[in-house]
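Asks: In our numbering, the protein residues as written are 2 to 291. Just so it is clear, CB atoms sit at the ideal spot from N, CA and C, and this is done for glycine as well. Predicted model only: the values in this text are computed from it and were never measured. Right, I'll just put the structure down here and ask away after.
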Amino acid sequence: MLAGLTFLYDGAFKNLPHVYGAYSNAFDWVSVGINLNLNKGCDQRCVYCHVPGLVSRAPQAVNVDEVLQELEAALHSLSSSPLRSKFPALASDGISNVAICGDGEPTLCPNIDEMTVGLSDFLRSSRFDISIGPLVMFTNGHFLRKKRVRRALQGMSRTGSQLWVKIDAVSPERQLKVNGFAHPIGRQVDGIVAASEFVDIQIKSCLVSFGAALDAGEAKRLCDVYRELASRCAGTLSVDLYTINRPSRQNADVRPVSQAQLDEIGSMVRALGINVFVSDCGNYYSPNGT
Numbered sequence: 002m003l004a005g006l007t008f009l010y011d012g013a014f015k016n017l018p019h020v021y022g023a024y025s026n027a028f029d030w031v032s033v034g035i036n037l038n039l040n041k042g043c044d045q046r047c048v049y050c051h052v053p054g055l056v057s058r059a060p061q062a063v064n065v066d067e068v069l070q071e072l073e074a075a076l077h078s079l080s081s082s083p084l085r086s087k088f089p090a091l092a093s094d095g096i097s098n099v100a101i102c103g104d105g106e107p108t109l110c111p112n113i114d115e116m117t118v119g120l121s122d123f124l125r126s127s128r129f130d131i132s133i134g135p136l137v138m139f140t141n142g143h144f145l146r147k148k149r150v151r152r153a154l155q156g157m158s159r160t161g162s163q164l165w166v167k168i169d170a171v172s173p174e175r176q177l178k179v180n181g182f183a184h185p186i187g188r189q190v191d192g193i194v195a196a197s198e199f200v201d202i203q204i205k206s207c208l209v210s211f212g213a214a215l216d217a218g219e220a221k222r223l224c225d226v227y228r229e230l231a232s233r234c235a236g237t238l239s240v241d242l243y244t245i246n247r248p249s250r251q252n253a254d255v256r257p258v259s260q261a262q263l264d265e266i267g268s269m270v271r272a273l274g275i276n277v278f279v280s281d282c283g284n285y286y287s288p289n290g291t
């Protein structure tokens with residue numbers, strides 16, 4: 002899950018177990034999220050994750066019609082919601098995206114392919130009194146070569162969708178420390194390249210500190226991965242660099258990296274000719290206010 006978000010569960014999203022709202026403090030947009038992991042199933046344990054009680058089991062298959070009914074109710078409600086006065090971006094720009102992004106890894110969902118086809122068809126055919134951006138899916142990219150996920154990406158390709166893929170670390174040691182799991186980076190890159198046949202790619206890198214600045218060697222390794230992806234991906238590639246702005250829910254002693262280091266790595270990525278977004282660190286806070 003992305004850092005720097007305010008989650009919206011009341012009002013237009015009340016009593017909708019699969020659908021929620023999110024406001025991005027960094028980019029000033031409102032998104033509608035689709036949570037396919039009500040069991041909190043995920044194959045990683047990222048130190049910055051806001052979800053407590055993660056499990057290693059895949060979620061059950063979702064009822065596609067029920068999820069679409071929840072989404073339709075939320076979108077109709079947002080057209081006249083008081084949230085439009087609370088978040089001016091909602092009134093002026095509409096909904097930035099509909100994001101498959103919830104309490105775990107969405108590609109673990111057994112019928113993720115049926116879900117993306119249903120969402121794509123729904124968003125193409127429905128009309129609301131509010132503009133709606135593209136369908137996106139936020140994933141760690143570990144299962145992009147599986148057949149059901151390939152079918153899911155094909156379904157997303159109908160609507161000019163985007164795939165947001167998390168790469169926070171490259172070396173196995175850093176992956177274990179940040180994500181709790183070491184996945185071969187070459188296999189992840191190959192999966193992303195294959196996915197780029199269907200959707201545009203944005204790499205989401207949450208950079209964190211364990212008491213010291215990010216190692217220069219790891220920053221270079223990240224840039225090497227970005228460079229390889231830019232040379233191999235079929236469609237548009239961009240990179241989003243950000244850090245945490247709240248305490249971990251994973252009992253981890255982790256802090257934000259500095260704005261200066263984010264900006265420095267952003268400059269390195271920009272020098273590669275890659276479109277990069279660098280978030281403002283904002284104010285990190287903890288339960289005791291420190």
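Compute the distance between the beta-carbons of isoleucine 230 and leucine 208, then report whether it is under 8 Å.
Replies: In the sequence on display, residue 230 carries leucine and not isoleucine. Against a cut-off of 8 Å, the Cβ pair of leucine 208 and leucine 230 comes out as no contact.
Asks: Please state the DSSP three-state secondary structure of alanine 62.
Replies: If DSSP states are grouped into helix, strand and coil, alanine 62 belongs with coil.
Asks: Given this structure, state the Cα-to-Cα distance separating serine 287 from serine 280, to the nearest angstrom.
Replies: Summary for serine 287: the model assigns pLDDT 38, below 50, so the residue's position carries little reliability; its value from the coordinates is reported in the next sentence. Roughly 20 Å between the two C-alpha positions.
Asks: In chain order, what residues of the same chain have a beta carbon less than 8 Å from the beta carbon of alanine 250, not counting five sequence neighbours either side?
Replies: Note on residue identity: the sequence assigns arginine, not alanine, to residue 250. Closer than 8 Å at the Cβ level, and outside the excluded window around arginine 250, lie Cys50, His51, Val52 and Pro53.
Asks: If you reduce the DSSP assignment to three classes, tell me which class glycine 34 lands in.
Replies: The answer is strand: DSSP assigns glycine 34 an E or B state.
Asks: Does DSSP classify valine 48 as helix, strand or coil?
Replies: DSSP places valine 48 in coil when its eight states are reduced to three.
Asks: Whole angstroms are fine: how far does the CA of serine 97 sit from the CA of isoleucine 133?
Replies: When rounded, the distance between both Cα atoms is 6 Å.
Asks: Assuming contact is defined by CB atoms lying nearer than 8 Å, are cysteine 110 and phenylalanine 139 in contact in what I supplied?
Replies: Not a contact, by the Cβ cut-off of 8 Å.
Asks: Pull the bridge partners of cysteine 207 from the DSSP assignment, please.
Replies: For cysteine 207, which the question treats as bridged, DSSP gives the partners Tyr243.
Asks: When the distance is taken between beta carbons, is leucine 69 closer than 8 Å to glycine 119?
Replies: Yes, the pair counts as a contact, with Cβ atoms nearer than the cut-off.
Asks: Is there contact between the segment 260-272 and the segment 220-230, where contact requires at least three CB pairs shorter than 8 Å?
Replies: Taking 8 Å as the limit for Cβ pairs, the verdict is that the segment 220-230 does touch the segment 260-272.
Asks: Compare the C-beta of methionine 269 with all C-beta atoms of chain C and state if any pair is closer than 8 Å.
Replies: You won't find chain C in this structure, because it holds only one protein chain.
Asks: On a Cα-Cα basis, can you pick out the residue from Ala213, Ser127, Pro107 and Lys147 that is closest to arginine 41?
Replies: The sequence given here places lysine at residue 41; arginine does not occur at that position. If we check each option's Cα against that of lysine 41, Pro107 comes out closest.
Asks: At what residue ranges does the segment 112-176 contain a whole run of the alpha helix (DSSP H), taking only runs of 4 or more?
Replies: Counting whole runs of 4 or more residues, the segment 112-176 contains the alpha helix (DSSP H) stretches 113-126 and 148-157.
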